[in-house]
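Residue numbers (this note's numbering): 10 to 403.
Built from N, CA and C at the ideal position, the CB exists for glycine as well.
The model shown is predicted, which means the values in this text are computed figures rather than measured ones.
The next block holds one structure in the form of structure tokens; read it before the comments.
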């Protein structure tokens, strides 16, 4: 595309200076790439209470509100569920409709018209179907949401939660399939998810290879001193992420040497069961890059979810050694030489033992992530331009 275009970027959470989840990191990467290409982009969405957008001049904050299950009261969750049942909406959409009713669509209209509307996930257009009538739309599928919801149902431990997740999956599939047809172009974050769209959408879809905000640490600089043997980082309040952490704690940890120190960074669910003695929860760390580099090896233990794993991208950018499940490596055709891919608990534990033992003996297992970063940035820019060209008819 030769001429820059004016875009509305509609997202649940507007990127902030210190992103907290993989979803926010992906948002920031896509927004940065669109702006780097010269497009005029205005982000519309919510922020958490007390936070401000990383780019206030390019953002319209509808409200400062918590929209995540893990941080709200039981009463708020029941309000969301009641609204979802009354409106026959997925809960994920109903809570956004409550938060933005009478304001979200109006804010986009007031600052329009736009050459194209970027729907950053299906949740907002699921809550406000009229958004798709405000201009030609392109859709970002961070995950195939109905598949993730069905996986949550399959892993649910109570009949009630299983039924609620199954309902969510059924309704999200209706929303997603409608939006796949209405959008002029669909971006996914993994080739496997693009294939899930079906052959009829092959001509109007592409994969967005992402980068995270983590800095590339030159190999010539003295590495961060190892503070932990094994590190895991993530937003563990999100069910698919917790499924992987739970598998690691229950099935892999007992197979690791007792003197291994394992650090778990990120928000844990309030009803988190006791962790093994060698596991140290460190909470939300001030610098994710520094934490990752302070671990002798990373454990990328995803067992559920769709899309691409931002933790894997960060590890590859930093050249960090890791043991990874095959699901953690979704969307990547080239696996770094310092990754060990294993799906069985014993093989996963053995991979970590190999990497940590080598690091303790003085081996520098880090690789140069600069080439990976450059390939990702170039492919991201190309895929974005292809979708925008389809949206505006150029």
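Residue span of the alpha helix (DSSP H) that contains residue i, given as start and end
i           : result
residue 161 : 154–164
residue 245 : Residue 245 -> no alpha helix (DSSP H), and no H or E assigned at all.
residue 102 : 100–109
residue 41  : 31–45
residue 183 : 168–191
residue 355 : 354–369
residue 299 : 297–302
residue 288 : Counting along the chain, residue 288 falls outside any alpha helix (DSSP H), though it belongs to the beta strand (DSSP E) covering 288–292.
residue 117 : 113–119
residue 324 : 319–327
Supposed close pair residue i, residue j - CB separation, criterion 8 angstroms
i           : j           : result
residue 20  : residue 152 : Actually they are not in contact, since the Cβ atoms of residue 20 and residue 152 sit about 14 angstroms apart, beyond 8 angstroms.
residue 73  : residue 25  : The pair is not a contact, with the Cβ atoms about 11 angstroms apart (cut-off 8 angstroms).
residue 351 : residue 334 : 7 angstroms
residue 133 : residue 140 : 6 angstroms
residue 161 : residue 248 : 5 angstroms
residue 298 : residue 368 : In fact, because the Cβ distance is near 18 angstroms, the residues do not count as touching under 8 angstroms.
residue 53  : residue 34  : So it is not a contact: roughly 19 angstroms between Cβ atoms.
residue 268 : residue 365 : About 10 angstroms; that fails the 8 angstroms criterion.
residue 376 : residue 345 : 6 angstroms
residue 155 : residue 252 : Going by Cβ atoms, the distance from residue 155 to residue 252 rounds to 17 angstroms, so no, they are not a contact pair.
residue 172 : residue 158 : Contact doesn't hold; Cβ gap of about 12 angstroms is too wide.
Simplified DSSP assignment, three categories, for residue i
i           : result
residue 230 : Caution is warranted here: a pLDDT of 46 is assigned to residue 230, below 50, making its placement in the model unreliable, and no coordinate value can be reported.
residue 267 : coil
residue 341 : coil
residue 137 : coil
residue 127 : strand
residue 3   : Outside the shown range of the chain, which is 10 to 403, sits residue 3, and nothing can be said about it.
residue 413 : Residue 413 cannot be examined here, being either before or after the span of the chain that is shown, 10 to 403.
residue 84  : helix
residue 397 : helix
residue 15  : strand
residue 427 : Residue 427 lies beyond the residue range present for the chain, which begins at 10 and ends at 403; the question has no answer from this structure.
residue 238 : strand
residue 219 : coil
residue 76  : coil
residue 214 : strand
residue 208 : helix
residue 379 : helix
residue 262 : helix
residue 307 : strand
residue 312 : coil
residue 351 : coil
residue 388 : helix
residue 95  : helix
Chain-order list of residues whose beta-carbon lies under 6 angstroms from that of residue i (same chain, five-residue window excluded)
i           : result
residue 136 : 102, 105, 106
residue 92  : 103, 107
residue 146 : 126, 128, 192
residue 307 : 240, 324, 329, 331
residue 184 : 131, 135
Beta-carbon contacts of residue i that lie in its chain and below 7 angstroms, excluding the five residues immediately before and after
i           : result
residue 385 : 218, 219, 220
residue 42  : 389, 390, 393
residue 50  : 16, 18, 40, 43, 44, 67
residue 48  : 13, 14, 16
residue 6   : Since the first residue shown for the chain is 10 and the last is 403, residue 6 is missing from the structure and cannot be characterised.
residue 256 : 310, 312
residue 76  : 21, 55, 104, 105, 108
residue 94  : none
residue 90  : 100
residue 399 : 193, 194, 213
Chain-order list of residues whose beta-carbon lies under 8 angstroms from that of residue i (same chain, five-residue window excluded)
i           : result
residue 293 : 29, 274, 275, 276
residue 244 : 29, 30, 31, 250, 275, 276
residue 214 : 194, 195, 196, 197, 203, 206
residue 229 : Residue confidence is low: residue 229 scores 44 on pLDDT, short of 50, so the model does not pin down where it sits. Its coordinate-derived value is still stated next. Excluding sequence neighbours, residue 229 sits near nothing in its chain.
residue 266 : 362
residue 295 : none
Residue span of the beta strand (DSSP E) that contains residue i, given as start and end
i           : result
residue 51  : 49–56
residue 150 : 146–150
residue 332 : 331–333
Below-8 angstroms beta-carbon distance, residue i vs any chain D residue
i          : result
residue 21 : The structure shown has no chain D; it contains just one protein chain.
### Query
Do the segment 288–295 and the segment 254–273 meet, that is, are 3 or more Cβ pairs less than 8 angstroms apart?
Between the segment 288–295 and the segment 254–273 there are three or more C-beta pairs closer than 8 angstroms, enough to call the two in contact.
### Message
When you compare the segment 111–122 with the segment 75–90, are there three or more beta-carbon pairs, one atom per stretch, that lie closer than 8 angstroms?
### Response
no
### Query
Would you call the segment 44–60 and the segment 158–172 touching, i.e. three or more CB-CB distances under 8 angstroms?
no
### Message
Is it the case that the segment 393–402 contacts the segment 341–358, given that we only count it when at least three CB pairs across the two stretches are under 8 angstroms?
### Response
Touching, no.
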